[in-house]
DNA sequence: CATGGGATTGACT
DNA sequence: GTCAATCCCATGC
């Protein structure tokens with residue numbers, strides 16, 4: 168897998184969110200293709216950076232091309248890719264993956280938490296689910312996405328020009344009408360509700 | 001120092 | 001459809 172460089176992320180967050188569809192995420196031997204993303208920007212009330220620079224959002228305002236991982240609802244670790252120039256708080260939330268390699272390990276991790284066998288389409292179809300399946304934790308916060316342990320790579324030929332549908336973001340209470348969610352059309356690994 | 005909310009999920013009705 | 005679980009940290013007294 169060829170990793171994306173820092174210049175890819177140092178651009179408007181909406182462009183990066185769209186172009187990350189079809190890219191790969193890899194972590195310690197497990198990987199998948201990104202099929203759903205959401206964009207967040209400091210000008211946007213739903214973004215953590217909206218309130219300004221705090222200890223929590225330090226990564227968000229830092230170097231583009233790094234991982235911003237934070238805990239949601241006290242339980243889930245959510246994976247984001249920091250975008251735009253240093254000093255601008257913006258990131259793309261990775262919301263769903265199509266499993267590629269290491270699916271047995273994903274199924275084992277998800278099954279252990281579910282208390283039953285996990286179906287293939289529920290391994291990574293949600294931002295909390297994909298971090299569970301890939302074993303990504305808050306320790307990955309601040310990591311370089313071109314160097315690892317979490318690495319985002321360029322799309323394969325099959326995913327070079329995916330058909331994309333745009334919709335409104337999920338699970339937020341502010342700025343709920345902005346169409347900043349991007350999904351691969353017709354892919355069953357996209358989380359619900361589908362656009 | 002106490003409190004409350006959140007970019008979610010899974011179990012249950 | 002409803003609801004609890006559970007942690008980081010922003011805010012306010």
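Residue numbers (my numbering): 168 to 362.
For each residue, glycine too, the CB sits at the ideal point set by N, CA and C.
Being a predicted model, the structure only gives us computed values, none of them experimental.
CB contact flag (residue i, residue j, <7 angstroms)
{"i": "residue 208", "j": "residue 174", "result": "no"}
{"i": "residue 307", "j": "residue 321", "result": "no"}
{"i": "residue 266", "j": "residue 177", "result": "no"}
{"i": "residue 260", "j": "residue 205", "result": "yes"}
{"i": "residue 319", "j": "residue 192", "result": "yes"}
{"i": "residue 224", "j": "residue 216", "result": "yes"}
{"i": "residue 194", "j": "residue 273", "result": "no"}
{"i": "residue 234", "j": "residue 304", "result": "no"}
{"i": "residue 299", "j": "residue 277", "result": "yes"}
{"i": "residue 313", "j": "residue 170", "result": "yes"}
{"i": "residue 294", "j": "residue 189", "result": "no"}
Endpoints, beta strand (DSSP E) assigned at residue i
{"i": "residue 237", "result": "234-239"}
Residue(s) in a DSSP beta bridge with residue i
{"i": "residue 348", "result": "205, 334"}
{"i": "residue 320", "result": "170, 191"}
{"i": "residue 247", "result": "235, 260"}
{"i": "residue 199", "result": "192, 266"}
Start and end residues, alpha helix (DSSP H) containing residue i
{"i": "residue 184", "result": "180-186"}
Nearest-angstrom Cβ-Cβ length linking residue i and residue j, presumed shorter than 8 angstroms
{"i": "residue 187", "j": "residue 248", "result": "7 angstroms"}
{"i": "residue 269", "j": "residue 196", "result": "5 angstroms"}
{"i": "residue 342", "j": "residue 213", "result": "4 angstroms"}
{"i": "residue 147", "j": "residue 292", "result": "Nothing can be reported for residue 147, as the shown portion of the chain is limited to 168 through 362."}
{"i": "residue 347", "j": "residue 336", "result": "6 angstroms"}
{"i": "residue 311", "j": "residue 232", "result": "7 angstroms"}
Which parts of the stretch 250-310 are runs of the alpha helix (DSSP H), unbroken and 4 residues or longer, counting only runs that do not cross its ends? Within the stretch 250-310, the complete alpha helix (DSSP H) runs of at least 4 residues fall at 270-281, 294-301.
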